[in-house]
Amino acid sequence: MKYLSPAEKQLFNIRVWEIVRRIPLGRVITYGKIAELIQPLPGMDPKEYLAWSPRWVGGAMASCPEDVPWQRVINSQGKISLRKGSGQSVQRQLLEDEGVQFDERERVDLRKYGWEGSDFKAS
DNA sequence: TCCTTGACTCAGA
DNA sequence: CTCTGAGCCAAGG
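Positions in the first sequence are counted from 1; adding 17 to them yields the numbering used here.
This is the structure we're talking about:
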C-alpha cells in the first residue's frame, strides 16, 4: 500500500488549482475529469487512484486560493455537489452569471458546457 | 491512537 | 432516470 506524503498531497492540490484556473469562462468540469488530467502519483496503484482522486479533488476545492474559479467544478452527474455550508446557491448564481444554464432538475448539460481539458493539454 | 466525516464516481437494480 | 452500496484515502477532533 502506497500512502501519500504531505508533500505529495500538497503537489496534488496545486495541480488541481492550476487546471481549474484554465477552465474557460462559462464552462464547467467534473471532479473526475480533473483527476484524469493529473498523472497518477508514482508508485500509486492506478485502481486506487481512480477510486479516490475525485474525492481528493473535492478536498482541494474545499481550501482553494482566491483566484481559483471553484464554481466551475461540478460532479459527474452535472449537478452541484452538496457541502456543509450553503455555497450551492452561490455557486449556481455564479455559473448563471457566466451564461451556464440549469434545467428544471438543477442539472447542467455537460455535453454543452463541459470542458474536456483540451486547451490545457494543448498548451 | 481511535473514530467520524467528506464539494466523488461507477456499476448494478 | 433514480437509488444503493462499494471503494478502503486523509484531515481533524
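Here a beta-carbon is modelled for each residue, glycine too, at the ideal position from N, C-alpha and C.
According to DSSP, ARG124 shares a beta bridge with LYS96. Between GLY134 and SER93 a beta carbon distance of about 14 Å is seen, past the 8 Å cut, so the two are scored as non-contacting. Inter-residue distance for ILE40 and THR47 is about 11 Å (C-alpha atoms, whole angstroms). If you compare the alpha carbons of LEU42, GLY102 and TYR20 with that of ASP114, the shortest gap goes to LEU42. Apart from sequence neighbours up to five positions away, the residues of its chain that approach VAL117 with a beta-carbon distance below 7 Å are GLY43, VAL45, VAL125 and TYR130, ordered along the chain. Cβ-Cβ separation between PRO86 and TRP34: approximately 10 Å, too far for a contact (criterion under 8 Å). The beta-carbon separation of ILE91 and SER98, rounded to 7 Å, stays under the 8 Å limit for a contact. Per DSSP, reduced to three states, the secondary structure at VAL33 is helical. Annotation for ASP136: ARG39 and PRO41 place their beta carbon closer than 8 Å to its own, counting only its chain and skipping 5 residues before and after.
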